[in-house]
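J.:
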Amino acid sequence: MENIVDENQIKKPSQPEGLRILCIFSFLGSGLSLVSNLMIFLIFPDFLSYFSGDEVAALSGSFDPEMLLNFIQSAGRFYFLISAALYFLSLLGVYYMWHLQKSGIHIYAIAQIAILLLPLIFISTQLSILPGLVLTAAFIYMYSRYLKVMS
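At position 54 of the sequence shown (counting the first as 1) the number is 67 in our numbering, and the numbers step up by one without a gap.
#1: Could you check if residue 63 is buried or exposed, using at least 16 other CB atoms within 10 Å of its CB as the buried criterion?
#2: Is the stretch 90–107 touching the stretch 142–149 in the sense that three or more CB pairs, one from each, lie closer than 8 Å?
#3: Looking at the structure shown, is residue 149 part of a helix, part of a strand, or coil, going by DSSP?
#4: Going by the CB atoms, is the gap between residue 120 and residue 102 shorter than 7 Å?
#5: Here's a check: name, in chain order, each residue in its chain whose Cβ is nearer than 6 Å to the Cβ of residue 39, leaving out the five neighbours to either side.
#6: Counting along the chain, where does the alpha helix (DSSP H) carrying residue 90 start and finish?
#7: Can you tell me the Cα-Cα spacing of residue 84 and residue 27, whole angstroms?
#8: Can you tell me whether residue 161 is helix, strand or coil according to DSSP?
#9: Taking all protein chains shown into account, do 16 or more other C-beta atoms lie within 10 angstroms of the C-beta of residue 124, making it buried, or fewer, making it exposed?
#10: Residue 126 and residue 160 look like a contact to me (Cβ under 8 Å); what is the Cβ gap, rounded to whole Å?
#11: Just the C-alpha distance for residue 34 and residue 58, rounded to the nearest angstrom, thanks.
#12: In whole angstroms, give me the CA-to-CA distance for residue 162 and residue 113.
#13: Ends of the alpha helix (DSSP H) at residue 140?
#14: Would you mind giving the Cβ-Cβ distance between residue 13 and residue 47, rounded to the nearest angstrom? I have them listed as a contact below 8 Å.
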């Protein structure tokens with residue numbers, strides 16, 4: 014006697030709505046960051062000349078263009094390439110979590126922690142990572158609440 018199992022009888026774990034919402038936020042945040050960091054890497058010399066131009070200096074925004082230019086120059090071009098690669102890994106982790114694979118949270122957490130440390134390595138150890146740390150810790154904690162439904 015053979016055991017014939019109908020595909021409809023095998024129940025795949027369903028994706029909780031909270032996990033779906035977290036993944037969508039992470040897809041958006043990491044995806045936009047990946048694109049922006051990759052673009053800055055590709056147009057880095059033009060990007061620097063734009064920020065050193067008179068048009069930006071005339072802006073009366075909430076940032077100091079000279080300070081931003083100093084940060085970008087001290088970071089260097091490869092900061093943005095490494096950052097883009099880490100955001101890609103973050104997206105990969107979210108993709109795995111979307112498909113309920115536990116390895117995704119590990120990839121995501123490692124990438125996000127590395128993203129937090131990157132400015133300290135490339136720019137200055139005096140920078141505050143507290144806002145990013147709080148947000149990253151919150152997302153990792155919320156993702157960890159769904160580990161029981163992941164395989």
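The C-beta atom is built at its ideal place from N, Cα and C for all residues, glycine as well. Computed from a predicted structure; not experimentally measured.
T.: A quick look at the data gives this:
#1: Residue numbering aside, residue 63 sits at position 50 when the sequence shown is read from its first letter. That one is exposed.
#2: no
#3: Walking along the sequence shown from the start, residue 149 turns up at place 136. It is helical.
#4: Reading the sequence shown from its first residue, position 89 is the one you call residue 102. Reading the sequence shown from its first residue, position 107 is the one you call residue 120. In this structure, residue 120 lies closer than 7 Å to residue 102 by Cβ.
#5: Taking the first residue of the sequence shown as 1, we reach residue 39 at position 26. 107.
#6: Taking the sequence shown and counting its residues from 1, one reaches residue 90 at position 77. Residue 90 -> alpha helix (DSSP H) spans 90–111.
#7: Against the sequence shown, residue 84 aligns to sequence position 71. Against the sequence shown, residue 27 aligns to sequence position 14. Computed Cα separation, rounded: 45 Å.
#8: For the purposes of this step, residue 161 is identified with residue 148 of the sequence shown, where counting begins at 1. Helix, per DSSP.
#9: Counting from 1 along the sequence shown, the entry for residue 124 is found at position 111. It is buried - the Cβ of residue 124 has at least 16 other Cβ atoms within 10 Å.
#10: Reading the sequence shown from its first residue, position 113 is the one you call residue 126. Reading the sequence shown from its first residue, position 147 is the one you call residue 160. Not confirmed; about 18 Å, so no contact.
#11: Sequence index remark: in the sequence shown, residue 34 carries index 21 (1-based). Sequence index remark: in the sequence shown, residue 58 carries index 45 (1-based). Going from the Cα of residue 34 to the Cα of residue 58 covers about 38 Å.
#12: Taking the first residue of the sequence shown as position 1, residue 162 is located at position 149. Taking the first residue of the sequence shown as position 1, residue 113 is located at position 100. Approximately 7 Å between the Cα atoms of the pair.
#13: Position 127 of the sequence shown, counting from 1, holds the residue named residue 140. Note, residue 140: premise wrong, no alpha helix (DSSP H); not H, not E.
#14: In this structure the chain extends from 14 to 164, so residue 13 is not present and cannot be described.
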